[in-house]
């Protein structure tokens, strides 16, 4: 087997993509903690705590010199409660793995060839890394949009509607 064929087989391997996402999540998580770039995680955790205490979710939240607001629906704060209950270091890695895992699962279930899935994966990878570095919801949103398409394609309309609602 030539080197080109080996690299081609490696890149098209679903295991390569999942391992790459896992390594990226670890590396980005370490980078986030090292650079103390956790403002979005603080906003998410604070909004979940405010939800529990029946406080205003949309008041300003301060983290160091950053003043920002929570811009999501209350359901997001509710969904985020299990992650918010954990220590910040664990929350960060769990959040990254959740986004990566949902994106990977949705991509693997698309009714496309392995080559097309690989192309989509590498096109989306730079945006995924950017989203991960800022602890954003982009990966999860993308995964749900893909799930909507998958469910509609399989005529599972209720599951598609649940993804829209979620």
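Residue numbers (the numbering used here): 6 to 171.
Ideal Cβ positions, reconstructed from N, Cα and C, are used throughout, including at glycine.
All of these numbers come straight from a predicted model, not from anything done at the bench.
For residue 71, the residue or residues it bridges with in DSSP = Here residue 71 refers to the residue found at position 66 when the chain shown is read from its first residue. Residue 71 is bridged to 68.
Would you identify the three-state DSSP class for residue 172, choosing helix, strand or coil?
-> No answer is possible for residue 172: the residues shown for the chain start at 6 and end at 171.
So, residue 132 versus residue 143, is the Cβ gap smaller than 8 Å?
-> To locate residue 132, count along the chain shown from 1; it is residue 127. To locate residue 143, count along the chain shown from 1; it is residue 138. Against a cut-off of 8 Å, the Cβ pair of residue 143 and residue 132 comes out as a contact.
Would you tell me roughly how many angstroms separate the C-alpha atoms of residue 37 and residue 66, rounded to the nearest one?
-> Start at 1 with the first residue of the chain shown, and residue 37 comes out as number 32. Start at 1 with the first residue of the chain shown, and residue 66 comes out as number 61. Going by the C-alpha atoms only, they are around 19 Å apart.
Consult DSSP for residue 161 and reduce its assignment to one of helix, strand or coil.
-> Indexing the chain shown from 1 puts residue 161 at position 156. In the structure shown, residue 161 adopts coil according to DSSP, grouped into three states.
Pair within 8 Å by beta-carbon distance, residue 103 and residue 151 | In the chain shown, counting from the first residue as 1, residue 103 sits at position 98. In the chain shown, counting from the first residue as 1, residue 151 sits at position 146. No, the Cβ-Cβ distance between residue 103 and residue 151 is not below 8 Å.
In angstroms, rounded to a whole number, what distance separates the CA positions of residue 139 and residue 43?
-> Reading the chain shown from its first residue, position 134 is the one you call residue 139. Reading the chain shown from its first residue, position 38 is the one you call residue 43. Roughly 8 Å separates the two Cα atoms.
Any idea if residue 101 is buried or exposed, counting beta-carbon neighbours within 10 angstroms, 16 or more meaning buried?
-> Residue mapping note: residue 101 aligns to position 96 of the chain shown, counting from 1. Buried, by the Cβ-count rule.
From the DSSP output, in three-state form, read off residue 52 for me.
-> Locating residue 52 in the chain shown gives position 47, counting from the first residue. DSSP places residue 52 in helix when its eight states are reduced to three.
At least 3 beta-carbon pairs within less than 8 Å: the segment 91-98 vs the segment 65-80 | As far as the Cβ criterion goes, the segment 91-98 does not touch the segment 65-80, which means the pair count is below three.
Following the continuous alpha helix (DSSP H) through residue 119, name the residue where it begins and the one where it ends.
-> Taking the first residue of the chain shown as 1, we reach residue 119 at position 114. Note, residue 119: alpha helix (DSSP H), 119-138.
Could you tell me the distance, in whole angstroms, from the CA atom of residue 61 to the CA atom of residue 55?
-> Indexing the chain shown from 1 puts residue 61 at position 56. Indexing the chain shown from 1 puts residue 55 at position 50. Their Cα atoms are separated by approximately 7 Å.
Distance CB(residue 148)-CB(residue 108) smaller than 8 Å | Here residue 148 refers to the residue found at position 143 when the chain shown is read from its first residue. Here residue 108 refers to the residue found at position 103 when the chain shown is read from its first residue. Yes. Within cutoff.
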